[in-house]
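Working notes, structure below.
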Amino acid sequence: MIDVVQLAQNLINGVGLGLIYGLIGIGFCVIYNASGIVNFGQGVFVMLGGMICATFLAHAGLPIWLAALVTVPVVALIGVAMEVAIVRPMWKRGASIFAIILATLACQMLIEQVTLLGLGDQPRTFDSFTPGGPLMVGGVALPYQFFWVLGCGALMVAGLWAFFTRTRSGRALRACSQNAEAAALLGVPVRRMMMLSFALSAGLGAVAGILITPSQITAYNIGTPFGVNGFIAAIIGGFGSAAGAVTGGILLGVFQALAIALLGASFKNVAALSVLLVVLLVFPQGILAQIKTLRSSRR
Amino acid sequence: MTTPLLEIRDLSARYGHVEALKPTSLTVAEGELVTILGPNGAGKSTLLRAVTRLTPGPGAILFKGRDVSALPTHKLSELGIILVQEGRGLFGDMSVRENLVLGAYNAGGDTAEIAARMEKVFSLFPRLKERLDQKAALMSGGEQQMLAIGRAMMAGPKLLMLDEPSLGLAPRVAGEILETLGELNRQGLGILLVEQKAPLALRLARRVYVLSLGRIVAELPSHEIKSHHDLARYYLH
Chain A
2 MIDVVQLAQN LINGVGLGLI YGLIGIGFCV IYNASGIVNF GQGVFVMLGG
52 MICATFLAHA GLPIWLAALV TVPVVALIGV AMEVAIVRPM WKRGASIFAI
102 ILATLACQML IEQVTLLGLG DQPRTFDSFT PGGPLMVGGV ALPYQFFWVL
152 GCGALMVAGL WAFFTRTRSG RALRACSQNA EAAALLGVPV RRMMMLSFAL
202 SAGLGAVAGI LITPSQITAY NIGTPFGVNG FIAAIIGGFG SAAGAVTGGI
252 LLGVFQALAI ALLGASFKNV AALSVLLVVL LVFPQGILAQ IKTLRSSRR
Chain B
650 MTTPLLEIRD LSARYGHVEA LKPTSLTVAE GELVTILGPN GAGKSTLLRA
700 VTRLTPGPGA ILFKGRDVSA LPTHKLSELG IILVQEGRGL FGDMSVRENL
750 VLGAYNAGGD TAEIAARMEK VFSLFPRLKE RLDQKAALMS GGEQQMLAIG
800 RAMMAGPKLL MLDEPSLGLA PRVAGEILET LGELNRQGLG ILLVEQKAPL
850 ALRLARRVYV LSLGRIVAEL PSHEIKSHHD LARYYLH
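Protein chains in written order, with the working numbering: chain A, 2 to 300; chain B, 650 to 886.
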C-alpha cells in the first residue's frame with residue numbers, strides 16, 4: 002500500500018529537483034539557440050557551481066550570499082574560456098558541429114579531472130540558505146531550501162524572458178539563433194554573442210549547482226548525471242525554449258520521484274529515459290511546441 | 650574625379666574548389682543606382698556576399714575611398730553598408746517590431762533615434778505600422794519584402810544592396826517595391842541592385858553590369874538594353 006504522505010513528499014522533492022533540471026536545460030537551450038551547438042559540458046558548470054561555492058564557504062569564510070555572488074561570475078568566466086579556447090578555434094577552422102559537440106564533452110571530462118586533482122574526491126555540501134525548518138504541511142516536509150529553488154527558478158525564468166525579449170543583447174542572441182548571417186549583416190557581433198551565450202549558460206549551471214548542493218551534495222563527478230537529466234528536460238520541453246525546459250525538468254523530476262516511491266531508487270534513471278522515449282514518441286517536437294501547434298491550429 | 654561610394658577591385662570568391670566569382674571590379678557612385686543583371690548561377694549573389702564578407706575572398710573593397718576588405722561583416726553595417734539578402738533573411742519567429750528594432754542595432758540603445766528611424770520606415774511602408782506585433786513569418790511575401798527593406802533602412806544605410814528583391818512576388822507588388830527603391834535613390838541613397846526582372850530594374854538604373862559565369866562581361870548605360878535579346882547576347886558572351 003502506498004503511503005500518500007510519502008508519495009506527496011516524493012513529489013515535492015521531484016518538483017524541486019525538476020526545477021534544477023530545468024535550469025540546466027535552459028543552459029543547453031541558450032547555447033544551442035545562439036550557435037546550434039549542444040554543449041555536452043553543461044553539467045560541469047553545475048558541479049563547479051557547487052564545488053567552488055563550497056570551497057569559498059569552507060576556506061574563505063564567506064557568507065553564503067557572497068560566496069554565491071562570487072561563484073556565479075567565476076563559473077561564467079570558465080564558460081567563456083571554454084568558448085574561447087575550444088569552441089571558437091574549432092568553429093573558425095570549419096569543424097563540424099558534431100566535432101564541436103564531442104569537444105565540449107571532452108572538455109567536461111578534462112575539467113572534472115582538474116577538479117579532482119585540485120579539490121579531491123570528497124563529496125561536499127553546505128547548509129541550507131535559511132537555517133531551520135522544514136515547514137510541515139499535512140505531514141509533508143517542505144524544506145526551506147525548496148522555496149529557494151522555487152523562487153530562484155521562477156526568478157531565473159522571468160529574468161531570462163525579460164533578457165531575451167526586452168534587451169538589445171537578448172534580441173541579438175535570438176536573432177543569431179534564427180539567422181546568424183542576417184544578424185551579422187545588421188551589425189550583430191555573432192562571435193561575441195556566442196561568448197555571451199556560454200557565459201550565460203555557465204552562470205545558469207552555477208546557480209543550479211549552488212541551489213542543489215545543500216540537499217544533494219556535490220562532487221567532482223556529479224556533472225554527467227545532472228547534465229544528462231538537464232538535456233532530457235530540454236528535449237522534453239522542445240529544445241530551445243526556457244519555459245519548455247522548466248516544464249520538461251519538472252515533469253522529469255516528478256516521474257523520477259514517482260519511480261523511486263513506487264519501484265525503488267534504482268529505477269530513477271529508467272524512469273527518466275522512459276519519460277523521454279514516451280514524450281518523443283507522442284510529441285516529437287517536445288511538449289511545449291506541440292501545445293503551440295495545437296493552439297495555432299484551433300485559431 | 651570624385652571618390653566612388655563603393656569601389657571593388659579584382660574581388661573574387663570561391664566555394665571550396667569552385668571559383669564562383671572571378672576577379673571582378675565595379676563602382677557605385679554616391680547617390681547612384683546600379684543594377685547587376687545575369688542568369689542563374691552567374692555569381693550575382695556571390696558578389697554581394699563577397700562585398701559583405703559573408704563569403705570573403707581576395708581583392709580590394711573600398712567604401713568612400715577607405716579599404717574595408719579586412720573588416721568583418723558586422724563592422725560594415727556600422728559604416729552604412731547594408732545587404733537585403735535573397736530570401737529576405739527575416740527573423741521569422743520575431744515580430745515586425747523586433748525585426749525593425751534589430752535593424753537599428755548599430756544605433757546602440759538610443760530609443761529616440763530608433764523611434765525616429767521607425768517613423769521614416771513607416772512613411773515608406775505604412776502597412777508595417779499596422780502589423781507591428783505580427784510574427785514576420787506569418788506575413789505575405791510582399792509584406793515580408795517590405796519588412797526586409799524597412800529593416801535595412803533602420804540601419805541607416807549609405808549603400809543599400811539588394812539581392813533579387815522581387816523574387817517570388819506578384820508583378821504588381823514587385824513593381825511597388827522597386828518603385829520604393831527608386832524613391833529612396835531619388836532621395837540620395839546609393840543602391841546596388843541584383844535583379845532577375847530586367848525590365849523593372851532597367852527602368853530604375855542608369856548603369857548596368859552584366860555578369861555571366863562569374864565575371865563581368867559588360868558595363869553599359871541601361872538605355873542600351875532594349876530587349877531580352879540584347880541581354881541574352883551578353884549572357885552567351
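In this text, a Cβ means the ideal position worked out from N, Cα and C, and glycines have one as well.
Reduced DSSP secondary structure (H/G/I, E/B, other) of residue i
i	result
M788 (chain B)	coil
G265 (chain A)	coil
S694 (chain B)	helix
L662 (chain B)	The residue asked about is misnamed: residue 662 (chain B) is Ala in this sequence, not Leu. Strand, per DSSP.
Y858 (chain B)	strand
R192 (chain A)	helix
G839 (chain B)	strand
I731 (chain B)	strand
S674 (chain B)	strand
F29 (chain A)	helix
V717 (chain B)	coil
G83 (chain A)	In the sequence on display, residue 83 (chain A) carries Met and not Gly. DSSP places M83 (chain A) in helix when its eight states are reduced to three.
P74 (chain A)	helix
F712 (chain B)	strand
A96 (chain A)	coil
P870 (chain B)	strand
A753 (chain B)	coil
Below-8 Å beta-carbon distance, residue i vs any chain A residue
i	result
I731 (chain B)	yes
G687 (chain B)	no
S789 (chain B)	no
V750 (chain B)	yes
T760 (chain B)	no
L740 (chain B)	Just to set this straight, residue 740 (chain B) is Phe in the shown sequence, not Leu. F740 (chain B) counts as touching chain A.
S726 (chain B)	yes
Q734 (chain B)	yes
T722 (chain B)	yes
T701 (chain B)	yes
Y664 (chain B)	no
R804 (chain B)	This sequence places Ala at residue 804 (chain B); Arg is not what is there. At least one chain A Cβ lies under 8 Å of A804 (chain B).
M743 (chain B)	yes
E747 (chain B)	yes
Y884 (chain B)	no
Y754 (chain B)	yes
Minimum Cβ-Cβ distance from residue i to chain B less than 8 Å
i	result
V208 (chain A)	no
N180 (chain A)	yes
L186 (chain A)	yes
A173 (chain A)	yes
A176 (chain A)	yes
P190 (chain A)	yes
A183 (chain A)	yes
R169 (chain A)	yes
Cβ separation of residue i and residue j, assumed to be a contact under 8 Å, to the nearest whole Å
i	j	result
I798 (chain B)	P814 (chain B)	7 Å
A272 (chain A)	C177 (chain A)	Going by Cβ atoms, the distance from A272 (chain A) to C177 (chain A) rounds to 36 Å, so no, they are not a contact pair.
Q179 (chain A)	G741 (chain B)	7 Å
L827 (chain B)	L853 (chain B)	6 Å
E84 (chain A)	M195 (chain A)	6 Å
A173 (chain A)	L751 (chain B)	7 Å
**Request:** With a floor of 3 residues, list each beta strand (DSSP E) that falls wholly inside the region 127-190 of chain A, ordered by position along the chain.
**Result:** 136-138 and 141-143
**Asked** Counting Cβ pairs closer than 8 Å, one from the region 198-207 of chain A and one from the region 29-48 of chain A, do we hit at least three?
**Response** yes
**Asked** How do the region 693-702 of chain B and the region 143-161 of chain A stand: do at least 3 beta-carbon pairs fall below 8 Å, yes or no?
**Response** no
**Contact the region 222-230 of chain A vs the region 41-48 of chain A: 3+ CB pairs below 8 Å** = yes
**Prompt:** Which parts of the region 803-853 of chain B are runs of the alpha helix (DSSP H), unbroken and 4 residues or longer, counting only runs that do not cross its ends?
**Reply:** 820-835 and 847-853
**Request:** Tell me, please, whether the region 60-80 of chain A touches the region 239-255 of chain A by the rule of three or more beta-carbon pairs shorter than 8 Å.
**Result:** no
**Prompt:** Does the region 801-813 of chain B touch the region 768-786 of chain B, meaning 3 or more C-beta pairs lie closer than 8 Å?
**Reply:** yes
**Prompt:** Which runs of the alpha helix (DSSP H) spanning at least 4 residues fall entirely within the region 217-281 of chain A, listed in chain order?
**Reply:** 224-238 and 243-264
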